[in-house]
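Contents: one structure, followed by commentary.
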Amino acid sequence: MPVPGPGYSITVRLEAPPSASAAGDLTSAVGRAGGVITAFDVVESHNDRVVIDLTCNALSANHAKDITDTLETLPGIVVRKVSDRTFLVHLGGKIEIASKVPLRNRDDLSRAYTPGVARVCEAIAKNPDDARRLTIKRNTVAVVTDGSAVLGLGNLGPAAALPVMEGKAALFKKFAGVDAWPVCLDTQDTEEIIRAVELIAPVYGGINLEDISAPRCFEIEARLREKLDIPVFHDDQHGTAIVVVAALRNALRVVNKDIKDCRITVCGVGAAGSAIIRLLQAQTPGDIIAVDVDGIVHRDRPGLDSNLKSIAASTNKDNQAGRLHDALVGSDVFIGVSAPNLFGADQVATMAKDAIVFALANPDPEIDPMEAQQHAAVVATGRSDFPNQINNVLAFPGVFRGLLDAHARTITDAMLLAAAQAIADVVDGDRLNASFIVPSVFDNTVAPAVAEAVRKAATS
Ligand SMILES: NC(=O)c1ccc[n+]([C@@H]2O[C@H](COP(=O)([O-])OP(=O)(O)OC[C@H]3O[C@@H](n4cnc5c(N)ncnc54)[C@H](O)[C@@H]3O)[C@@H](O)[C@H]2O)c1
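Position one of the sequence shown corresponds to residue -15 (the numbering used here), numbered consecutively onward.
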């Protein structure tokens, strides 16, 4: 059951009588309405009234309104203003550019800008590779989107995608010191996106594609990889695949199974599912059964697009047909990157002994994790309020740190696997158990470990 969290947090500024009971009345009212108080600050005090900032977590925007309405019904309470703390965080954007060099006087100016900068420009014109040494290219990544698949919200367009891309840039900086910049393109035409990224590429040491819908994301990434001399990485595909492979590696250690003997059902063969399947295949699992909205992907299924055709050709050894429930029977592992509430405990019971269930659809997983736990030995979700959160933040900052440090021009499956292994290895044998198969996103040893593994794989 969801609990009130900081994603829906409000601060209610209200006037209350200066009585001894006012605070208790307010906190009880919030509790009755199902909110969770996180702060209670008296911001003004007068003989006849106090002004209070009451901060509390809610379940949703509607729930936040219910809490405010409840407060307003209390005798003597006047609600002055309600601030949504999430919107406050976003006011004016979340990132900025700062100068790394002093600009105090004409002397500084002459070196950082004209006339001195001209000699640096000429040096780069003579030797373009020097751009990696003498400009921000060395440490800068473009976070490119067309806004066509924003989080789980769908096609919101480039402007509405910007808060996500800003957040991503902030995470790049926080976890790996990478300077990332959002590039939200006002087009969803494959050719225009490819051309636009090609045109801006000189500034960047890497391209992180983000929230571009499948199947266009596959072609855009493949063509950009061919054209550019910097690594191109679609995080919704490969960031997810890296963390899933890391988590699965550790989950299999917990249940003492070898991936080579495992039947793995992957539900969802879009951006995330396709990349997960491809990275799993690099470890030669027993078999993979891919399932999408039309059922099990098999070689005789009509209407397969080129992505599904190649998946059908390399999975499902027995060419099984059917629905998700059929695929689950006897499976050792379920990996869901598809849609909410697709199956229940009864279907988990049909899986092999010591089943592993990764139900990663956001915000609601393919199966309620509490139900999955009834029969599965290890359960993971994308949620932060449940153990084993599969979160791309574990991968992308360190991956790009490693690529930039190696001056990499491409990215390979060997680098992705090295990143996965590094994440898995952060959880040492003493800490590994069914509720701890991946490190915390705030474990500051993860990004350096991933960066080092990727750097080594890129330079070997
Ligand atoms: N937790 C994480 O780390 C993480 C990472 C990536 C994606 N996800 C989640 O995975 C889901 C898919 O993401 P995506 O970017 O790959 O989306 P996508 O749109 O590219 O692909 C969705 C896939 O799910 C399939 N699908 C939809 N409804 C289905 C159903 N009822 N039964 C079976 N299959 C069904 C579709 O056919 C498609 O293959 C989203 O909910 C996303 O939030 C989670």
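Every residue gets a Cβ at the ideal spot worked out from N, C-alpha and C, and that includes glycine. Since the model is a prediction, treat every value here as computed from it, not as a measurement.
List the endpoints of the continuous beta strand (DSSP E) containing residue i.
i	result
P166	D163 to C168
T70	Careful: T70 lies outside any beta strand (DSSP E), inside the alpha helix (DSSP H) at R69 to H74.
S(-7)	G(-11) to A0
V29	In the sequence as displayed, the identity of residue 29 is Ser instead of Val. Residues V20 to S29.
T129	T124 to T129
H218	V216 to H218
T365	V362 to T365
What residue range does the alpha helix (DSSP H) around residue i cover?
i	result
A336	Segment: none, A336 is in no alpha helix (DSSP H) and carries neither H nor E.
D50	A45 to E56
N234	T224 to V239
R209	R200 to K211
N291	S290 to S298
C251	C251 -> not in any alpha helix (DSSP H); beta strand (DSSP E) instead, spanning R247 to C251.
V313	Looking at the DSSP string, V313 is not in any alpha helix (DSSP H), and its letter there is neither H nor E.
V181	T174 to I184
V281	Looking at the DSSP string, V281 is not in any alpha helix (DSSP H), and its letter there is neither H nor E.
V187	No alpha helix (DSSP H) contains V187, which DSSP labels as neither H nor E.
D9	A6 to R16
R393	Note, R393: premise wrong, no alpha helix (DSSP H); not H, not E.
L326	It is not in any alpha helix (DSSP H) - L326 carries neither H nor E in the DSSP assignment.
Relative to the alpha-carbon of residue i, which residue among the options has its alpha-carbon at the smallest distance?
i	options	result
L264	T(-5), R116 and T299	T299
V187	R237, I178, Q304 and A126	A126
I191	F156, S44 and P423	F156
R207	I177, I184, V228 and H222	I177
R367	R116, N376 and R(-3)	N376
H391	V425, A115 and D68	A115
A259	Q221, L135 and N234	Q221
D310	P59, D289 and V250	V250
N372	N234, G254 and C168	N234
L118	L137, K84 and P269	K84
M335	T52, F384 and A356	A356
V468	V26, L43, V27 and E28	Look at the range of the chain in this structure, -15 to 444, and you will see that residue 468 is not part of it.
S3	G287, N31, R179 and G18	N31
I374	P349, I395, E182 and N240	P349
R285	Q267, R307, A379 and A266	R307
I61	A6, R283 and K301	A6
K301	V313, R283 and L312	R283
D427	F159, V313 and V253	F159
R209	F370, P166 and V181	V181
V134	Q172, E80, P353 and V(-13)	Q172
Y(-8)	K440, A198 and T70	T70
S444	I395, L378 and G18	I395
In three-state terms, what does DSSP make of residue i?
i	result
F156	helix
F426	coil
L450	Because the chain is modelled from -15 through 444, residue 450 falls outside the range shown and cannot be assessed.
L38	strand
A406	helix
K84	coil
N346	coil
T98	coil
A274	strand
L193	strand
I260	helix
R415	coil
G60	coil
I243	helix
V321	coil
F380	helix
I351	coil
K440	helix
Q221	helix
Q358	coil
Can you tell me the Cβ-Cβ gap for residue i and residue j, rounded? I've got them flagged as a contact below 8 Å.
i	j	result
P445	V162	No answer is possible for residue 445: the residues shown for the chain start at -15 and end at 444.
V(-4)	V101	Wrong, their Cβ atoms sit about 52 Å apart, outside the cutoff.
A48	I108	That belief does not hold up - the Cβ atoms of A48 and I108 are roughly 52 Å apart, past 8 Å.
D195	T129	5 Å
R122	L387	Actually they do not touch by this definition, with Cβ atoms about 12 Å apart.
L400	I226	5 Å
L193	V216	7 Å
V317	I204	Not a contact, Cβ separation roughly 30 Å.
D397	A266	5 Å
Handout entry: At least 3 beta-carbon pairs within less than 8 Å: the region 7 to 16 vs the region 36 to 52
Key = Short answer: they touch.
Handout entry: Cβ contact check for the region 404 to 417 and the region 433 to 440: 3 or more pairs under 8 Å
Key = When Cβ pairs closer than 8 Å are counted between the two stretches, the region 404 to 417 is seen to touch the region 433 to 440, the count reaching three or more.
Problem - the region 327 to 346 contacting the region 271 to 282, beta-carbon criterion three pairs below 8 Å - result: These segments do not touch.
Problem - the region 289 to 296 contacting the region 317 to 327, beta-carbon criterion three pairs below 8 Å - result: For the pair of segments examined, the region 289 to 296 was found not to touch the region 317 to 327: the number of CB pairs separated by less than 8 Å stays below three.
Practice task
Would you check if there are 3 or more beta carbon pairs closer than 8 Å linking the region 352 to 367 to the region 406 to 415?
Solution key: The region 352 to 367 makes no contact with the region 406 to 415: fewer than 3 CB pairs, one atom from each, lie closer than 8 Å.
Practice task
Determine, using beta-carbon pairs with one atom in the region 74 to 82 and one in the region 134 to 153, whether at least three such pairs fall under 8 Å.
Solution key: Yes, the region 74 to 82 touches the region 134 to 153.
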